[in-house]
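UniProt numbering applies: residue 1 is where the sequence shown begins, and numbers increase by one.
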Amino acid sequence: MSSLSDLTSPNSPLYQKRKGVYPKAVDGFYRRLKWAIMIVTLAIYYVTPWLRWDRGPYAPNQAVLVDLAHRRFYMFAIEIWPHEFYYVAGMLVMAGIGLFLVTSAVGRAWCGYACPQTVWTDLFQHVERWIDGDRNAQIRLANAPWTAAKTTRRAAKYAIWLLIAIATGGAWIFYFADAPTLLREFVHGDAPSVAYATVGVLTATTFIFGGFMREQVCIYMCPWPRIQTAMLDEKSLIVTYKDWRGEPRTQGLKKAATTDASFDGKLGDCIDCDQCVSVCPTGIDIREGPQIGCITCALCIDACDKVMDQIGRPRGLIDYATLEDAVIEKAGGTAPPVLKTLLRPRTIIYFTIWASIGAAMLFTLGQRTRLDVSAQHDRNPAFVQLSDGEVRNNYTVKIRNMETRPRVVTLAIAGVPGAVAWDEAGSRATAASTMRVRVPADSVTKVRLFVAAPGAGPQRTPLTISATYEATGAGRSEADSVVANFERAKPIEEEEE
Ligand code: SF4
Ligand code: SF4
C-alpha cells in the first residue's frame, strides 16, 4: 500500500493502475441465491417488453410500455396519463424507501445481488470462466504472450460479451414502442435514429462496465456506497470476518508467538488459505474489516464455510453479523437471532411508510374515475354584452376519456340562473343547459363552449361544468366536474360608488 508521502510526491501517478481481479468460482448457499436472483432479474428485463396485455382495439397490447409519443405509461391493467404523474413519483419514492429499508436491514444487499452492474458483471464473469477457465487459468492467460490460441479466446469472449451488450441495449428500447414492430423496423433499418443511438450507447456502456471496469464502477463511480454508509447503523447486517474467532491465523502463528506477549499458543480458525479473497468479485480481503469495496455479495462466506467444513471447524467464520453482534460475540456472548435484528423500530418504520404509500396508491388507483373535465375561461374579453341584454362567456373545455373505447358524455352547466350553452356546431337558438359530446377512446376532446345568461346579476358567478357518462343498461355512471367563473359587467350601483 502506498504511504502518504508516496501519494503526495510529484512523481506519484494521478490514478492508481487497476489490478486485475480474477474471481474464483465458488458454490454455496449465497452463490445459488445469486444465481436465482440473476436469472429472475435478467428474465424480467429481457422478457417484459414481449409480454402482451389485451386492452381492446383502441390501446396498445404491450403489457409494459412507456408510450412517449402519446404520453402514456402502461403497466398491465394500469394506465397512467401525464396528469397522473404523481403515481410514477409515488413509485420512485417507494423505490427509494425500499432501498433505505433493505440497507438498514441487510446492508448493501442491493449492491451484492440485484444492482444491474453486479448482475451483468456476474454474467460476464461466467462467460469469461466458460471461455478462459477458472481463476488460475485466467491469470495464466492474462500473463501469456499473444499467441493464436490467446487471440482466439479473447475474440470469442469479446464476441459473446458484445452479443450480451447488444441484447441489453436492444431490450431497453422495446420498453418505449411496440416491441415486435420496433424489432422489425430496427432490423430493416427503418427505426428512428434515436433507437439506434440508444442501443449504441447502452451496448458500449454494458460492454465496458461489465467487461472491463467491473468493481471500479462500484468503488469509484457509484455514489450509492457513500450514501449507504449514512444509512447503516450498528444493527445493520454486514458481511463480517470474526477476527476474535479467526486470529491468530495459522500462517501468522510464528509472528504472533514472537510479537504478541499475550499469545497463548492457541490457534484461530483462519488458516490463511486466501479462498475468501480469491472468490471476491471486487478483489478485497474482508479480514481487513468493513470497507467500501465490499458489495456484500457473501461469496466469501460460501468459500470460507467450505474451508471450515474441510478442516472440521464450525461454519460462520465469515458471516452476516451486525456491529452489535460482533461486540457481544467478542465478549463471549451469543448474538440475538437474525429475526430480532431485522424486526427493529427503524426497519418497521421504513416498512410502515413504504407499505402506507403503496396502499394509498393502490386505493386511489382503484377509486380514480376514467373521465376528467377541465375548463379554461377566455380572458380577452372575459364577457360579451349581447344586443338583447344578455351576457356571453366563452370557455375551452377539455373532456378526457381514459377508457379504451369511445364514449358519449353529457356536458352540462349549472350554477348560473337562466344560463344556456352551445358549442361550435350549435347556435344560440339551439342552446340548452346540457349537450352530448362524443369523446374518442383514450383521448382528450376540446369543446369551445359558449354560455349565455341574463345580464342582470352579480359581477362574478361560479359556473359548474360537468361531464357525465351513463353506461347503458349497466346502471353505472361516471362523472367529473369543474367550477369556472361566469362574468358580467360590474353592477351599475358599484360603478356609481
Ligand atoms: S477463507 Fe476463511 S480460512 Fe481461508 S483465509 Fe479466508 S477467512 Fe481464513
Ligand atoms: S468481501 Fe465478501 S461479501 Fe464483500 S464483496 Fe468480497 S466476496 Fe463479496
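In this text, a Cβ means the ideal position worked out from N, Cα and C, and glycines have one as well. Computed from a prediction, not measured in an experiment: that's the story for all the values here.
| Continuous beta strand (DSSP E) assignments of at least 3 residues falling wholly in the stretch 7 to 63 | none
| task | Flag this pair as yes or no: are the beta carbons of P23 and V279 separated by less than 8 Å? | result | yes
| message | Only counting the same chain, and skipping five residues up and downstream in sequence, which positions put a Cβ closer than 6 Å to that of L411? | response | M435, V437, A467
| Any chance the CB of P406 is under 7 Å from a heavy atom of ligand 2? | no
| field | Sheet register partners of M75 (DSSP bridge) | value | V64, I78
| field | Cross-strand partners of S374 (DSSP beta bridge) | value | K398
| Cβ of G189 less than 8 Å from any chain C Cβ? | Among the chains of the structure shown, chain C does not appear; only one protein chain is present.
| query | Taking C-alpha atoms, which residue in R52, V483, W354 lies nearest to S374? | reply | V483
| request: Give the straight-line distance between the Cα atoms of Q291 and I284, rounded to the nearest whole angstrom. | output: 9 Å
| task | Measuring alpha carbon to alpha carbon, tell me which of R448, A432, T322 ends up nearest P336. | result | T322
| field | V327 versus P281, P248, G415, W244, residue with shortest Cα-Cα distance | value | W244
| task | Please classify N393: does DSSP put it in a helix, a strand, or coil? | result | strand
| task | Would you be able to state if there are at least three C-beta pairs under 8 Å between the stretch 140 to 155 and the stretch 227 to 245? | result | no
| request: Using the Cα positions of V307 and T282, report the straight-line distance between them to the nearest angstrom. | output: 20 Å
| Do Q459 and R488 have their C-beta atoms within less than 8 Å of each other? | yes
| field | Rounded C-alpha distance that separates V64 from V187 | value | 22 Å
| Residue range of the beta strand (DSSP E) that M435 falls in? | 434 to 439
| request: Report the rounded CA-to-CA distance for A109 versus T103, giving the unit in angstroms. | output: Cα to Cα, the separation comes out at about 7 Å.
| Just curious, the alpha helix (DSSP H) that T282 is in, first and last residue? | For T282, there is no enclosing alpha helix (DSSP H), as DSSP gives it neither H nor E.
| request: Please name the residue or residues paired with L299 in a DSSP beta bridge. | output: Answer by DSSP bridge pairing: none, since L299 is not bridged.
| C-alpha distance - L162 paired with T151, whole-angstrom precision | 16 Å
| task | Can you grab the Cα-Cα spacing for the pair I399 / V439, in whole Å? | result | 7 Å
| Best match in V409, K17, A471, P454 for proximity to S481 [C-alpha to C-alpha] | V409
| field | Selected residue, minimal CA-CA separation from residue 515, among F450, W422, A204, A414 | value | For residue 515 there is no data in the structure shown, the boundaries of the chain being 1 and 497.
| query | In this structure, does DSSP put N143 in helix, strand or coil? | reply | helix
| Identify the residues that DSSP records as bridge partners of F486: which are they? | T461
| query | Do I286 and ligand 2 come close, with the Cβ less than 7 Å from some heavy atom? | reply | yes
| message | Quick check on Y220: does DSSP put it in helix, strand or coil? | response | Secondary structure at Y220: helix, using DSSP grouped into helix, strand and coil.
| For the alpha helix (DSSP H) that contains I208, what are its first and last residues? | 193 to 208
| With 16 other Cβ atoms within 10 Å as the buried cut-off, status of C294 | Buried, since its Cβ has 16 or more Cβ neighbours within 10 Å.
| field | Paired residues, beta bridge with W422 - DSSP | value | F450
| query | For P145, is the beta carbon positioned less than 7 Å from some heavy atom of ligand 2? | reply | no
| Leaving out five residues before and five after N61 in sequence, what residues of the same chain have Cβ atoms less than 7 Å from its Cβ? | Excluding sequence neighbours, N61 sits near R52, W53, D54, R55.
| request: Assign E478 to one of three DSSP states: helix, strand, or coil. | output: strand
| message | For a test of the three-state rule: what should DSSP assign to T369, helix, strand or coil? | response | In this structure, T369 counts as coil in the three-state DSSP scheme.
| Cβ of P290 versus every heavy atom of ligand 2: is any distance shorter than 7 Å? | no
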